[in-house]
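In the UniProt record's numbering, the protein residues as written are 1 to 117.
Below, the structure written as structure tokens:
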């Protein structure tokens, strides 16, 4: 067993508690969209980097982080920055990814900020 994940969108420290019930909070449809998107991203990266899934560089493409950015320009710039090592043209991938995340909901609640009482 043991899943060797690609590490797409894994950020921050998760508390020791098991994340059993967390997913219930999310809209199933959103979750499915997100999973499909991550599958799509991995598929695209294997083409861009011309490699097997296991060999994709750790890019940390964090969809929630992208959704946090106020404009598509900034999202695009962030993606381009992550893809600097790629020798193939990435414009199409970036454009399509931005189109796919448009209107998506964030799935993580920001843990970085303490709520104002």
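Just so it is clear, CB atoms sit at the ideal spot from N, CA and C, and this is done for glycine as well.
Could you give the distance in angstroms between the alpha-carbon of residue 96 and the alpha-carbon of residue 55?
What you label residue 96 is simply residue 96 of the chain shown in a count that begins at 1. What you label residue 55 is simply residue 55 of the chain shown in a count that begins at 1. Computed Cα separation, rounded: 22 angstroms.
Should residue 75 go down as buried or exposed, given a rule of 16 or more other Cβ atoms within 10 Å for buried?
By 1-based counting over the chain shown, the position of residue 75 is 75. It is buried - the Cβ of residue 75 has at least 16 other Cβ atoms within 10 Å.
Go ahead and label residue 84 buried or exposed: buried means 16 or more other beta carbons lie within 10 angstroms of its beta carbon, across all protein chains shown.
Stepping through the chain shown from its first residue, residue 84 is reached at position 84. It is exposed - the Cβ of residue 84 has fewer than 16 other Cβ atoms within 10 Å.
Out of 38, 30 and 52, point me to the one whose CA is closest to residue 60's CA.
Position 60 of the chain shown, counting from 1, holds the residue named residue 60. It is 38.
Would you report the Cα separation of residue 33 and residue 117, rounded to the nearest angstrom?
Sequence index remark: in the chain shown, residue 33 carries index 33 (1-based). Sequence index remark: in the chain shown, residue 117 carries index 117 (1-based). Looking at the two C-alpha atoms, the distance is approximately 33 angstroms.
I think residue 79 touches residue 92, with their Cβ atoms under 8 angstroms apart; what is that distance to the nearest whole Å?
The sequence position of residue 79 within the chain shown is 79, counting from 1. The sequence position of residue 92 within the chain shown is 92, counting from 1. Actually they are not in contact, since the Cβ atoms of residue 79 and residue 92 sit about 12 angstroms apart, beyond 8 angstroms.
Which residues in the same chain have their Cβ closer than 7 angstroms to the Cβ of residue 67, if we skip the five residues on either side of it in sequence?
For this step, residue 67 is matched to residue 67 along the chain shown. Cβ neighbours of residue 67 beyond the five flanking positions: 101, 104 and 106.
Is it right to say residue 35 is buried, meaning 16 or more other beta carbons lie within 10 angstroms of its own, or is it exposed?
In the chain shown, counting from the first residue as 1, residue 35 sits at position 35. By the neighbour-count rule (16 or more Cβ atoms within 10 Å), residue 35 is not buried but exposed.
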